[in-house]
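Asker: Protein chains in written order, with my numbering: chain A, 275 to 606; chain B, 17 to 332.
Quick one: the structure is below, and I'll ask about it shortly.
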């Protein structure tokens, strides 16, 4: 397997601010790689380092085996889909899509055909004569995608491309992006702060916080076995059990994570673990009820199927879960 | 519930002022009309009306013998305008206005670009001060200052001497048309002063246009393979063009109409503004003066039409 992007102990400091601090990662060719984290966590700076808009202050970057430091963005076969699309307002949609080919000196007829094909690929055939201002957010997003893909990049960088779309459109675009990536076989590097998006689309996820990678792995692993409290809290909404509950459950680790959906409000069966407490709050979320149980001052959220009755506020309950659902964590 | 019921409108908002603002809130166009009426009347009647009256004058003629205006429709004034001497004046002025505009745009762009893209905080304040400060001092003082700077005994000559570059200055002044006895009596001098005086009017619109260009468009162009030169050619310049055109309207029309700068700094040959001044003052030929003022209007109209045809305003 060829390595598409390699970060070897890469840092990008802005004065005293360590936007990216000693990041190591290796993205395989053809992979759909997500960089997930809150704003200011360094994920976008990492993307900009790949695109060439930023230069690292330390470490080494390789793109398909070639040193990337000192190579300007316009000489990299890497293209970006920008967060707010960055379509050229003075050019038609066709000229926008053909821009990359135009500056590379591809002939007029050839680039027009390539741009039309790209527009057809993102399901906007015949939109070439319009202006960016005449398109909806979702359509502009597709144009931005076509404009990047028409250059046949070795790596496609996507900077929160779905952030400005409404939920329905976002879900649709997630599926389309995923299938597009599969059919084109291009390496996608996707930046998002939406954990659901990262989990549903990516082959692997790097979770960023404070300029560092907290955890890197397949979505299931990151979701089910968060390595740190930050990951447990940020990816989904895992319960973080404090030390005294961990001790009571027989763990030596200082903290442990426990997914709300892994817990049942029931007596333990078949050697399952259990805790008892009182119902502190509950809310209806559609498919499930979220019930917060107070266990000796620690609040544990439980995702209880909506079909089950919700115990009254203040009533004593026993919660149970299988031992393997409890994941010990480092403190971070 | 009803025990605590308060009236919908609180007590502080129930006075006559409140009712008045309610009235305007219900009739938003009325307020707009009241606010717009005075300036529209001024613009429509006083300003455009007097301009129209002036233009009308150009279709009258002057009686050569008595010097009185003959109020009969005629094109003879325009025939007079197109005489060789007057065409010479028009051509000279238009060429000067065009070179001044071009030079202003070339000098203004980097300054405006820096101000819009990089300057922040106190540097931005410094930029505005630097650009605006010359506008706060008297126009005449600045021109006379330039006359001294450009004079044969002036600081510029001294500077060239100290740098042992007098041969360069002499060679320039020896050139036909742009040269002369000294810079202060040459077209080069007139040009320098025009550029200096009108430069702020070019910088500010370009800066405003560049300010609106999102930084990520430049990154997008670079990302798609555009070299810095291509990014300038295909993205930055087209997006700044409305600002450049706006600035050039100022520099071009101000140069077309000015009669003070060429009178103080430059050769004795006339520009349109001076011709108008001479015709309506000394010569008392109001129709010809009016015909002269039509020239800049026609030129500006043609210029804007061409700019629009070339897509200068597409990015607006």
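Glycine is no exception: its CB is placed at the ideal position from the N, C-alpha and C atoms.
Once DSSP output is grouped into helix, strand and coil, what is the label at residue 277(A)?
Answerer: Position 3 of the first chain holds residue 277(A). Residue 277(A): strand per DSSP, three-state reduction.
Asker: The stretch 208-242 of chain B: which residues have C-beta closer than 8 Å to a C-beta of chain A, in chain order?
Answerer: Correct list: 230, 232, 233, 235, 236, 237, 238, 239, 240, 241 and 242.
Asker: Entirely within the stretch 320-402 of chain A and at least 3 residues each: give me those beta strand (DSSP E) ranges in chain order.
Answerer: If we require 3 residues or more, the beta strand (DSSP E) runs fully inside the stretch 320-402 of chain A come out as 332-337 and 352-355.
Asker: On the DSSP letters alone, give me the boundaries of the beta strand (DSSP E) that residue 306(A) sits inside.
Answerer: Residue mapping note: residue 306(A) aligns to position 32 of the first chain, counting from 1. Counting along the chain, the beta strand (DSSP E) containing residue 306(A) begins and ends at 306-310.
Asker: Mind listing the chain A neighbours of residue 251(B)? Cutoff is C-beta to C-beta under 7 Å, in chain order.
Answerer: Translated into the one-based positions of the second chain, residue 251(B) becomes position 235. Per Cβ cutoff of 7 Å: 362.
Asker: Applying the 10 Å Cβ sphere with the 16-neighbour rule, what's the burial state of residue 212(B)?
Answerer: Counting from one through the second chain, the residue named residue 212(B) turns up at place 196. When all chains shown are included, residue 212(B) counts as buried.
Asker: Please name the residue, chosen from 308(A), 326(A), 297(A) and 478(A), that lies closest to residue 464(A) on a Cα-to-Cα basis.
Answerer: Against the first chain, residue 464(A) aligns to sequence position 190. Taking only the C-alpha atoms, the option nearest residue 464(A) is 308(A).
Asker: What did DSSP end up calling residue 166(B) once you bin it into helix, strand or coil?
Answerer: As a position in the second chain, residue 166(B) is number 150, starting the count at 1. Three-state DSSP puts residue 166(B) in a helix.
Asker: Should residue 258(A) be flagged as near chain B, meaning a C-beta pair shorter than 8 Å?
Answerer: Past the edges of chain A, shown from 275 to 606, lies residue 258(A), and the structure says nothing about it.
Asker: May I ask you to list, following chain order, the residues of the stretch 132-162 of chain B that have a beta carbon less than 8 Å from some beta carbon of chain A?
Answerer: Listed by position, the residues of the stretch 132-162 of chain B near chain A (Cβ gap below 8 Å) amount to none.
Asker: With 16 other CB atoms within 10 Å as the buried threshold, where does residue 152(B) fall?
Answerer: Within the second chain, residue 152(B) is the residue found at index 136, counting from 1. Residue 152(B) is exposed by the Cβ-count criterion.
Asker: If contact is defined by three or more beta carbon pairs under 8 Å, each pair taking one atom from either stretch, is the stretch 385-400 of chain A in contact with the stretch 409-429 of chain A?
Answerer: The stretch 409-429 of chain A vs the stretch 385-400 of chain A: in contact.
Asker: Just the Cα atoms here: how many angstroms apart are residue 353(B) and residue 320(B)?
Answerer: Nothing about residue 353(B) can be reported from this structure: the residues present for chain B run from 17 to 332 only.
Asker: Starting from residue 281(B) and walking both ways along the beta strand (DSSP E), at which residues does that stretch end?
Answerer: As a first step, residue 281(B) must be located in the second chain, where it is residue number 265. That residue, residue 281(B), is in no beta strand (DSSP E); it is neither H nor E in DSSP.
Asker: Whose Cβ in chain B lies nearer than 7 Å to the Cβ of residue 374(A)?
Answerer: One-based indexing of the first chain puts residue 374(A) at position 100. What residue 374(A) touches in chain B: 240 and 241.
Asker: Below 8 Å on the Cβ atoms is my guess for residue 412(A) versus residue 368(A); work out the distance and round it to an integer in Å.
Answerer: The count along the first chain starts at 1 and reaches residue 412(A) at position 138. The count along the first chain starts at 1 and reaches residue 368(A) at position 94. The pair is not a contact, with the Cβ atoms about 19 Å apart (cut-off 8 Å).
Asker: Can you pull the DSSP bridge partners for residue 555(A)?
Answerer: Along the first chain, read from residue 1 onward, the residue named residue 555(A) stands at position 281. The partner list for residue 555(A) (beta bridge, DSSP) reads 566(A).
Asker: Give me the Cα-Cα distance between residue 274(B) and residue 311(B), rounded to the nearest whole angstrom.
Answerer: The residue you call residue 274(B) lines up with position 258 of the second chain. The residue you call residue 311(B) lines up with position 295 of the second chain. Their backbone Cα atoms lie some 13 Å apart in a straight line.
Asker: Could you name the residues that DSSP lists as bridge partners for residue 259(B)?
Answerer: Indexing the second chain from 1 puts residue 259(B) at position 243. Paired residues: none, contrary to the question.
Asker: Based on the DSSP secondary-structure assignment, which residues constitute the bridge partners of residue 591(A)?
Answerer: Position 317 of the first chain holds residue 591(A). Its beta-bridge partners are 551(A).
Asker: Rounded to the nearest angstrom, what separates residue 236(B) and residue 356(A) at their Cα positions?
Answerer: Looking up residue 236(B) in the second chain gives position 220. Looking up residue 356(A) in the first chain gives position 82. Roughly 8 Å separates the two Cα atoms.
Asker: Any C-beta of chain B sitting closer than 8 Å to the C-beta of residue 461(A)?
Answerer: Residue numbering aside, residue 461(A) sits at position 187 when the first chain is read from its first letter. It does not: the Cβ of residue 461(A) has no partner Cβ on chain B nearer than 8 Å.
Asker: How would you list, in chain order, the residues of chain B whose beta-carbon sits under 7 Å from the beta-carbon of residue 325(A)?
Answerer: Counting from one through the first chain, the residue named residue 325(A) turns up at place 51. Per Cβ cutoff of 7 Å: 239.
Asker: Rounded to whole angstroms, what is the Cα-Cα separation between residue 513(A) and residue 528(A)?
Answerer: Working through the first chain from its first residue, we reach residue 513(A) at position 239. Working through the first chain from its first residue, we reach residue 528(A) at position 254. Answer to the nearest angstrom: the Cα atoms are 14 Å apart.
Asker: Is it true that the stretch 232-252 of chain B meets the stretch 82-99 of chain B, where meeting means three or more beta-carbon pairs spaced less than 8 Å apart?
Answerer: Not touching, per the Cβ criterion.
Asker: Hey, could you find the ends of the beta strand (DSSP E) residue 480(A) is sitting in?
Answerer: On the first chain, residue 480(A) is found 206 positions in, with the first residue counted as 1. Where residue 480(A) is concerned, the enclosing beta strand (DSSP E) stretches over 478-483.
Asker: Strictly below 7 Å CB to CB, what residues from chain A border residue 255(B)?
Answerer: Your numbering for residue 255(B) matches position 239 in the second chain. Near residue 255(B) (Cβ distances below 7 Å), the residues of chain A are 364.
Asker: Measure the C-alpha to C-alpha separation of residue 68(B) and residue 316(B) and round it to an integer number of angstroms.
Answerer: Translated into positions along the second chain, residue 68(B) becomes position 52. Translated into positions along the second chain, residue 316(B) becomes position 300. C-alpha separation (whole angstroms): 17 Å.
Asker: Buried or exposed: where does residue 180(B) fall if 16 or more other Cβ atoms within 10 Å of its Cβ makes it buried?
Answerer: Counting from 1 along the second chain, the entry for residue 180(B) is found at position 164. Looking at its Cβ environment, which holds fewer than 16 other Cβ atoms inside 10 Å, residue 180(B) is exposed.
Asker: Using the three-state DSSP reduction, which class does residue 296(A) fall into: helix, strand or coil?
Answerer: As a first step, residue 296(A) is located in the first chain; it is residue number 22 there, counting from the start. In the structure shown, residue 296(A) sits in a strand (DSSP, three-state: E or B).
Asker: Starting from residue 421(A), find everything on chain B with Cβ-Cβ shorter than 9 Å and list it in chain order.
Answerer: For the purposes of this step, residue 421(A) is taken as residue 147 along the first chain, with counting starting at 1. Within 9 Å Cβ-Cβ: 236 and 240.
Asker: Please confirm whether residue 295(B) has its beta-carbon closer than 8 Å to some beta-carbon of chain A.
Answerer: Translated into the one-based positions of the second chain, residue 295(B) becomes position 279. By this cut-off, residue 295(B) is not an interface position.
Asker: Looking only at DSSP bridge pairs, what is residue 99(B) linked to?
Answerer: Position 83 of the second chain, counted from the start, is the residue given in the question as residue 99(B). The partner list for residue 99(B) (beta bridge, DSSP) is empty, contrary to what the question assumes.
Asker: Mind the definition here: the stretch 260-278 of chain B touches the stretch 349-365 of chain A only if three or more C-beta pairs lie below 8 Å; say whether that holds.
Answerer: Judged by Cβ distances under 8 Å, the stretch 260-278 of chain B makes no contact with the stretch 349-365 of chain A, as fewer than three pairs qualify.
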